[in-house]
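To start, the structure under review is shown below, and the notes come after it.
In our numbering, the protein residues as written are -12 to 512.
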């Protein structure tokens, strides 16, 4: 009875083993040390791609395992009576594909047999997933380092550029003889070219890395164009060019879109037009193409000039990266990135951009974009628009300049004092000093640098907005930043700054924004 029960248990055990052996998704095999297979399950044929007959005919299945040094190490351990668990190895398939595997093997001790049994598990998918995760983490880390590098390069280059351009702008307005004037003008123009190159490289890097985002805010198109004229007018006047903007009556004043990117496209196109025009005119024309449903409109923007024009055989490539205009007499300065940037910004917003040009006559660049029509604010909510600003530069006001860089302090001070003769300018060298000043004194506006020791501009502004009592907590604060990427999602918006000026700042842009926010404060009173 006991013997029969033992035989039954043995039979059951063999059946269980056979069931596991045949149904296992892992390859299970018994082999001699010379590599001859004694037994194996169907999973081994699935793993290797060889048929049962092909595997049985093999003299040494070890030739499927690699690398060779791993196979030798495995066999040495087994021959020494040492089993292995989760031993990493590769298995070559019939189609030359290689699978990542782990082996668990044990020595078989039988009088007439020298070999081992083992289980081979295919972990290729897990290995690939882990490799992908590591590659993704490395890419993210690399991207983060690249962003930090670009931000650092931007800040480190813009900060001294602000001093050079600022001093040049101030010096060129002082009494100079003809030779001195020409020298200062050359410094100023060379600095502007260098700044343009820095800006273009940073911008194209952002575009190529998918770092460009687009806002969806209501803004005044007429104000944007007025501001553009204020900033670009002096560049046109330096070359005695006629510069005008014409807006068709059908164009809505308030539209919804990305004000910053639209301004950037127009600034690039107008800047190019002025650069390549030595006499005549530069014109901006805005017109409505179509109504899109009840709440949107397609607008066309045209920038026309009477400049050198573009050869017909170059028109197709003019928007390509690094394409530059060359005449028989000269190659114009620049990176050849500006128009490529415009094309990317227009097309990423679903628009189209094009050009018409005739050599020696001039060029006409145009693009179209669709905007939602903005809703008019109620009269009680309205504030002066940019075009309504009528701020007398002689008006006395108090400005707190928060800047740690000595040269930039000097540039800002000299620039502002020349424009606003009755300004009372107070200096703080970091955010902590700015807070201490604001706690004790009243100011009409604050110019706040971002990157400073002790306390940066972000922290200082957030503290002012949260902790100072009204009306001090509502004092207009303009960020001054030399950082590469500016958008509404940037920290300066999140921390309560009203607006920003990008270093090196355009004097007219700085004057305009100071006047705008002081004028708005007077209006609110």
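Note that beta-carbon positions come from the ideal geometry of N, C-alpha and C, so glycine has one too.
| task | Let me know the secondary structure DSSP gives residue 210 once reduced to three states. | result | In the structure shown, residue 210 adopts helical secondary structure according to DSSP, grouped into three states.
Exposure label - residue 132; buried when at least 16 CB within 10 Å
It is exposed - the Cβ of residue 132 has fewer than 16 other Cβ atoms within 10 Å.
task = List the endpoints of the continuous alpha helix (DSSP H) containing residue 394.
result = Its alpha helix (DSSP H) spans residues 393 to 406.
task: Using a threshold of 7 Å, state whether the C-beta atoms of residue 214 and residue 378 are closer than that.
output: Cβ distance not < 7 Å, so residue 214 and residue 378 don't count as in contact.
Checklist entry - Excluding five sequence neighbours on each side, which residues of the same chain lie with their C-beta closer than 7 Å to the C-beta of residue 240? => result Within the same chain, Cβ atoms closer than 7 Å to the Cβ of residue 240 are found at 207, 208 and 209, the five residues on either side in sequence being excluded.
**Message:** Among the candidates 504, 463 and 394, whose CA atom is the shortest distance from the CA of residue 435?
**Reply:** The residue with the shortest Cα to Cα distance from residue 435 is 463.
* Classify residue 264 as buried or exposed, calling it buried when 16 or more other Cβ atoms lie within 10 Å of its own Cβ. => By the 16-neighbour rule on beta-carbons within 10 angstroms, residue 264 is buried.
**Asked** If we count the other Cβ atoms within 10 Å of its Cβ and call it buried at 16 or more, is residue 14 buried or exposed?
**Response** With 16 or more other Cβ atoms within 10 Å, it is buried.
Does DSSP classify residue 324 as helix, strand or coil? Per DSSP, reduced to three states, the secondary structure at residue 324 is coil, with no helix or strand assignment.
Going by DSSP, what residues sit across from residue 103 in a beta bridge? Answer is 18 and 94.
>> Rounded to whole angstroms, what is the Cα-Cα separation between residue -8 and residue 5?
In response: Here the alpha carbon of residue -8 sits roughly 20 Å from the alpha carbon of residue 5.
> With 16 as the cutoff for other CB atoms within 10 Å, does residue 63 come out buried or exposed?
Replying inline: When all chains shown are included, residue 63 counts as exposed.
query: Do three or more CB pairs link the stretch 45 to 52 to the stretch 13 to 27 at distances below 8 Å?
result: Counting Cβ pairs under 8 Å, three or more are found: they touch.
Original post:
Once you ignore the five residues that flank residue 254 on each side, which residues in its own chain have a CB closer than 7 Å to its CB?
Top reply: The residues are 215.
**Asked** Is the distance from the Cβ of residue 383 to the Cβ of residue 409 below 7 Å?
**Response** Against a cut-off of 7 Å, the Cβ pair of residue 409 and residue 383 comes out as a contact.
| Which value, in whole angstroms, describes the spacing of the CA atoms of residue 46 and residue -11? | The alpha-carbon atoms of residue 46 and residue -11 are separated by roughly 44 Å.
CA nearest to the CA of residue 259, picked from 119, 89 and 297: Looking from the CA of residue 259, the closest CA among 119, 89 and 297 belongs to 297.
DSSP beta-bridge partners of residue 205
Looking at the DSSP output, residue 205 bridges to 243.
- Item | Contact set for residue 406: own chain, Cβ-Cβ below 8 Å, skip 5 residues either direction | Closer than 8 Å at the Cβ level, and outside the excluded window around residue 406, lie 380, 494 and 498.
Original post:
Roughly how many angstroms lie between the CA atoms of residue 129 and residue 27, to the nearest whole one?
Top reply: When rounded, the distance between both Cα atoms is 47 Å.
To the nearest angstrom, how far is the alpha carbon of residue 299 from that of residue 489? Spanning the two alpha carbons is a distance of roughly 37 Å.
Q) Between the beta-carbon of residue 77 and the beta-carbon of residue 36, is there less than 7 Å? A) Contact: no.
* To do: Report back the beta-carbon spacing between residue 104 and residue 17 to the nearest angstrom; my notes put them in contact at under 8 Å.
  => Confirmed, about 5 Å.
Item to complete: Could I get the ranges of all uninterrupted alpha helix (DSSP H) runs contained in the stretch -5 to 65, with 4 residues as the minimum, in chain order?
Response: Qualifying alpha helix (DSSP H) stretches, in chain order: 29 to 35 and 39 to 44.
Please confirm whether residue 333 and residue 354 have their CB atoms less than 7 Å apart. For residue 333 and residue 354, yes; Cβs fall inside 7 Å.
Supposed close pair residue 432, residue 487 - CB separation, criterion 8 Å: By a beta-carbon distance limit of 8 Å, residue 432 does not contact residue 487. Their separation comes to about 13 Å.
* So, is residue 420 buried or exposed, given that buried needs 16 or more other C-beta atoms within 10 angstroms? -> Residue 420 should be labelled buried.
- Count the other CB atoms within 10 Å of the CB of residue 41; is the residue buried (16 or more) or exposed (fewer)? Answer is exposed; the Cβ neighbour count stays below 16.
| query | Going straight from the alpha carbon of residue 358 to that of residue 171, what length do you get? | reply | Straight-line spacing of the CA atoms in residue 358 and residue 171 works out to 43 Å.
Q) How many angstroms separate the CA atom of residue 277 from the CA atom of residue 243? A) Separation of residue 277 and residue 243 (C-alpha to C-alpha, rounded to the nearest whole angstrom) is 16 Å.
Notebook entry, point to check: In its own chain, which residues sit with a C-beta less than 6 Å from the C-beta of residue 217, not counting the 5 before and 5 after it?
Noted result: The residues are 495 and 499.
**OP:** Indicate whether residue 275 and residue 269 have their beta-carbon atoms separated by less than 7 Å.
**Re:** No.
According to DSSP, is residue 153 helix, strand or coil? In the structure shown, the three-state DSSP call for residue 153 is helix.
(message) Taking 8 Å as the limit between beta carbons, can you name the residues of its chain near residue 339, skipping five residues before and five after?
(response) So the list reads 333, 354 and 355, once near-sequence residues are dropped.
With a CB to CB cut of under 7 Å and the five nearest residues on each side skipped, what residues in its chain are close to residue 154? Only 398 meet the Cβ criterion.
Which residue marks the beginning of the alpha helix (DSSP H) containing residue 80, and which one marks its end? Going by DSSP, residue 80 is part of no alpha helix (DSSP H) at all; its letter is neither H nor E.
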